[in-house]
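For reference, the structure is listed below as C-alpha cells.
Here's what the structure looks like:
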C-alpha cells in the first residue's frame, strides 16, 4: 500500500537536494527501489492508431498487419516452401519499418525510439531477405566468400 507522502508530487517537493531528517546521516538513505516507477515514458508514437471506440485489432492495425504477414510467411515455410515463406517474413519486417517511419501513431509496433525501431526492423528485414535469396539449394544471388566460408567449415562445394 503506497504511503500518503509518496508519489511524483512528494518526490518533486523533496527533490534531490532534500536534507536528511535530523539525527540521520546522508549515507543512511534507503537503497530500496521506489514503490512506484516514475519518469518512464512510452516510446514516441505508441498511442493507438485508431480511436478508442474501435476494437483492439482495429486500434492496433499496424502490428496486426505485420504479425499477419509473419504468420503467412511461417505457414508458407511450414508447407515446405522455404524461400517464399522466409522472404514474406522479411517483407513483413520491412513493412513494419516503413509503417513506423511514416505513421505518427503505430500503437504496439512502437517498442523503442522511432529511429531505433526503423533501423532494427529495416536491417533485420533486409538481412532475412538477402539470406533467403542466397540460401542453398539453387541460390538466387551469390554472396562473395560464402563458398569459402562453407568450405572452411567442412562443406564440400563440388
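In UniProt numbering, the protein residues as written are 1 to 158.
Glycine included, each C-beta is placed from N, C-alpha and C at the ideal position.
The structure presented is a predicted model; accordingly, all values stated were derived computationally and were not measured.
- Under the DSSP assignment, residue 89 falls in the alpha helix (DSSP H) whose first and last residues are 82-102.
- Contact between residue 62 and residue 106 holds: CB atoms are separated by about 4 Å, below the 8 Å threshold.
- If the five residues before and after residue 74 are omitted, its C-beta is found closer than 8 Å to the C-beta atoms of 85 and 89, all from its own chain and listed in chain order.
- Between the alpha carbons of residue 102 and residue 68 lies a gap of roughly 20 Å.
- Spatial neighbours of residue 129 in its own chain (CB-CB distance under 6 Å, excluding positions within 5 residues in sequence) are listed in chain order as 87 and 90.
- Where residue 117 is concerned, the enclosing alpha helix (DSSP H) starts and stops at 114-134.
- Between the alpha carbons of residue 151 and residue 71 lies a distance of about 34 Å.
- Under the three-state reduction of DSSP output, residue 69 falls in the helix class.
- Distance from the Cα of residue 141 is smallest, within the candidate group 126, 94 and 133, for 133.
- One Cα belongs to residue 124, the other to residue 93, and the distance between them is close to 7 Å.
- With contacts defined by Cβ atoms closer than 7 Å, residue 66 and residue 96 form a contacting pair.
- In this model, residue 58 and residue 109 are separated by some 13 Å (Cα to Cα).
- Distance between residue 154 and residue 147, taken at the CA atoms: about 11 Å.
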